[in-house]
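Just remember that this note's numbering sits 6 ahead of the position in the sequence shown, which is counted from 1.
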Amino acid sequence: MFTRQRPEAQTSPREARARFRDGLVAHTSGWSHGYVQANLVSVPRRYAISLRRFAVRNPRACPLLDVVGAGRFTTDLAEGADLRRDLPAYQVWSRGQMVARRTDVADLWDRDLVTFLLGCSFTFEPLLERAGIPLRHLEQGVNVPMYRTNRKALGARRFRGPVVVSMRPVPTDLVTRAAQITMELPFAHGAPVHVGSPAMLGVRDLDRPDFGDPVRLHDGDVPVFWACGVTLQEAVVKAKLPFAITHAPGHMLITDRRARTADSGEIRTVR
């Protein structure tokens, strides 16, 4: 059974952001087909250089789309967007602990925060659907599952931690096609980092993801894993910064940029 397109798929990025600003909470997989989605991480300015270095050293997991200067809350990726209000859910961190989950962080924003926007695998999902590759999490009405792995990201000063991956079940005969499609979008994590046995990544139980929701595999499916931008969030959490804001996993910024292939010139990652 293939995913029946939901109304959210045809929602424009501007309309989606407006709905989230008005308080709608929803994971953004399946929203605004054809547009780039982005992870968000905001940290005090004194940590920004090291965090940027961490992202650049781990481009598969942390494809950096924009770095928003201290105190700013707008981005050229999304005209009129307010990064403090236009994502469906945020997490607030202090000393490695999540202290709040909110739909609006405007009152917490100050002139010291630098914001990083990273590519997201939700960007390539409509391309998989168009190629006849089912998205089981959308069929089942849940968020995509994400897992910490036994692979270590390359560190930068105080920032280090595991590579986090997202998982999508794919019919065995369509795995190669899924890899071919996604490898053309390095700004959305590119090709899978692993296919098959979760144990090789240190994932003991697919039914117990670290983030998101469990997804049932169908007969003939194989688990396929892509690097995930939550890797940057994990590095921030492990660094135990006095303050940080991140998106809630699966609740992304929907940008105005089209999800074209890397050679189109539409999307370039930041170095």
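All C-beta atoms in this analysis are idealised placements derived from N, C-alpha and C, irrespective of residue type, glycine included.
Would Phe79 pass as a contact of Asp72 if the rule is Cβ separation under 8 Å? In this structure, Asp72 does not lie closer than 8 Å to Phe79 by Cβ.
So which of Gly125, Gly235 and Ile139 has the shortest CA-CA distance to Tyr41? Of the candidates Gly125, Gly235 and Ile139, the residue whose Cα lies closest to the Cα of Tyr41 is Gly125.
For Asp179, name the three-state secondary structure that DSSP assigns. Here Asp179 sits in helix by DSSP.
Output yes or no for whether 8 Å exceeds the beta carbon distance between Leu93 and Leu46. Pairing Leu93 with Leu46 gives a Cβ-Cβ distance under 8 Å.
Please classify Ala233 as buried or exposed, where buried requires at least 16 other C-beta atoms within 10 Å of its C-beta. Buried: at least 16 other Cβ atoms inside 10 Å.
How would you call Glu85, buried or exposed, if buried means at least 16 neighbouring beta carbons within 10 angstroms? Result: exposed.
Could you pull the DSSP bridge partners for Gly167 from this structure? Gly167 is not bridged to any residue.
When DSSP labels each residue in this structure, what does Ser203 get in the three-state scheme? Here Ser203 sits in coil by DSSP.
Bounding residues of the beta strand (DSSP E) (the contiguous stretch that carries Gln97): In the DSSP assignment, Gln97 falls within the beta strand (DSSP E) that extends over Tyr96 to Ser100.
Those residues which DSSP pairs with Ser172 across a bridge: Met152 and Trp232.
Might you give, ordered along the chain, the residues of its own chain that have their beta carbon closer than 6 Å to the beta carbon of Leu114, omitting 5 neighbours on each side? Counting only Cβ-Cβ distances below 6 Å, and skipping sequence neighbours, we find nothing.
Cβ atoms of His195 and Ser35: under 8 Å apart, would you say? At least 8 Å separates the beta-carbon of Ser35 from that of His195.
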